[in-house]
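One structure below.
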Amino acid sequence: MDMFKTTYGLIKNREKATQVVSKAWEFAKNNKKENLLWIIYLNGLSLEKVEKKFDLPVSIGDAIVVISVALPTLKERGKASDTLYILVENETGKKLYTTKRLVDVDNLIAFEFKKRMEHIIPREIIRAAVKTFLQVEAKKYFGSVGNLIALAYSQATTKADTRQWLWLPKEIQVNVVKLPKDGMVTIYIPNQKKYILNLNNNKSSKIIFVRNFYPKNEVIYYEANLP
Numbered sequence: 066m067d068m069f070k071t072t073y074g075l076i077k078n079r080e081k082a083t084q085v086v087s088k089a090w091e092f093a094k095n096n097k098k099e100n101l102l103w104i105i106y107l108n109g110l111s112l113e114k115v116e117k118k119f120d121l122p123v124s125i126g127d128a129i130v131v132i133s134v135a136l137p138t139l140k141e142r143g144k145a146s147d148t149l150y151i152l153v154e155n156e157t158g159k160k161l162y163t164t165k166r167l168v169d170v171d172n173l174i175a176f177e178f179k180k181r182m183e184h185i186i187p188r189e190i191i192r193a194a195v196k197t198f199l200q201v202e203a204k205k206y207f208g209s210v211g212n213l214i215a216l217a218y219s220q221a222t223t224k225a226d227t228r229q230w231l232w233l234p235k236e237i238q239v240n241v242v243k244l245p246k247d248g249m250v251t252i253y254i255p256n257q258k259k260y261i262l263n264l265n266n267n268k269s270s271k272i273i274f275v276r277n278f279y280p281k282n283e284v285i286y287y288e289a290n291l292p
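Per the numbering used here, residue 66 is the first one in the sequence shown, and the count goes up by one each step.
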């Protein structure tokens with residue numbers, strides 16, 4: 066139940082990204098004659114699946130058995146920063162922009178996790194019941210040695226499925242700005258290294274993907290032309 070409460074707390078009050086997308090789309094449609102710069106910031110690391118194991122020793126008849134259940138749970142990981150700063154200079158002088166959250170990846174993972182847990186928990190309870198029965202039968206027919214072998218088998222095979230994409234971002238932030246005529250753009254996180262980019266290699270709109278895994282890490286970025 067605690068895991069369900071935690072998961073529900075992560076997915077309730079989800080922010081809708083439609084307003085952010087709509088504003089960016091309108092901006093793009095109304096500025097067809099001007100080159101735009103799209104900044105996509107992949108921030109931090111998403112929720113991680115970890116195993117939580119429950120072992121309950123019980124006595125059934127003359128057999129001592131261990132009921133074991135292993136379930137996946139979610140472990141929160143942090144953002145690399147609150148936002149990404151974009152500094153551009155145009156006819157009116159320098160202007161500072163920040164990226165805004167478009168997608169909360171943690172919410173998506175938690176939502177999917179909650180749906181899967183509804184099937185995982187009953188399945189794991191059935192598995193635990195079968196393994197407990199095997200321990201009792203092993204004790205009955207093979208004595209203490211059989212009981213120990215069945216217990217060892219149960220412990221060795223009771224594992225939670227924690228497979229996932231480990232490097233997904235915690236959130237995806239975005240902003241779109243007018244590309245300055247000289248193509249010079251500075252991106253940075255406060256109190257960290259500034260990256261001065263020269264994007265004026267041809268007359269087209271640009272997109273920059275910026276990836277940051279941990280606080281104080283150097284960011285990784287990739288730029289591309291838009292048609």
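Heads up, the beta-carbon is just placed ideally off N, CA and C, and yes, glycines get one too.
Run the CB neighbour count on residue i, radius 10 Å, all protein chains shown included, and call it buried at 16 or more, exposed below.
i, result
"L107", "buried"
"P292", "exposed"
"E189", "buried"
"G109", "buried"
"K77", "Unreliable placement is indicated for K77, whose pLDDT of 45 sits below 50; the coordinate value is still reported in the next sentence. Flag for K77 reads exposed."
"S209", "exposed"
"A193", "buried"
"K196", "buried"
"F178", "buried"
"A175", "buried"
"P280", "exposed"
"P187", "exposed"
"I261", "exposed"
"V123", "exposed"
Note down the Cα distance separating residue i from residue j, rounded to an integer number of angstroms.
i, j, result
"R79", "V242", "Bear in mind that the predicted position of R79 carries a pLDDT of just 43, short of 50, making it unreliable; the figure below should be weighed with that in mind. Roughly 26 Å between the two C-alpha positions."
"T148", "I191", "46 Å"
"V316", "M249", "For the chain, the structure presents residues 66 to 292; residue 316 sits outside this window and is missing."
"L121", "V130", "8 Å"
"A128", "A215", "11 Å"
"L264", "I104", "13 Å"
"D247", "G158", "13 Å"
"R142", "Q257", "21 Å"
"S219", "I185", "18 Å"
"Y206", "D226", "32 Å"
"K180", "S133", "23 Å"
Does the beta-carbon distance from residue i to residue j come in below 8 Å?
i, j, result
"K235", "K144", "yes"
"N212", "A203", "yes"
"K165", "N277", "no"
"P245", "N172", "no"
"V201", "I125", "yes"
"L233", "V170", "yes"
"L167", "I237", "yes"
"I252", "Y287", "no"
Sorted by chain position, which residues of the same chain lie with C-beta nearer than 8 Å to residue i's C-beta, five sequence neighbours on each side aside?
i, result
"R228", "K114"
"N100", "K243, L244, K268, S269, S270, K271"
Which same chain residues, not among the five before or five after residue i, have their C-beta less than 6 Å away from its C-beta?
i, result
"M53", "A question about residue 53 goes unanswered here, because the residues of the chain that appear run from 66 up to 292."
"K140", "E113, V115"
"Y162", "I151, N240, V242"
"K224", "A135"
"K118", "A135"
By Cβ distance, which residues of its chain are closer than 7 Å to residue i, with the 5 residues on each side in sequence left out?
i, result
"K160", "V153"
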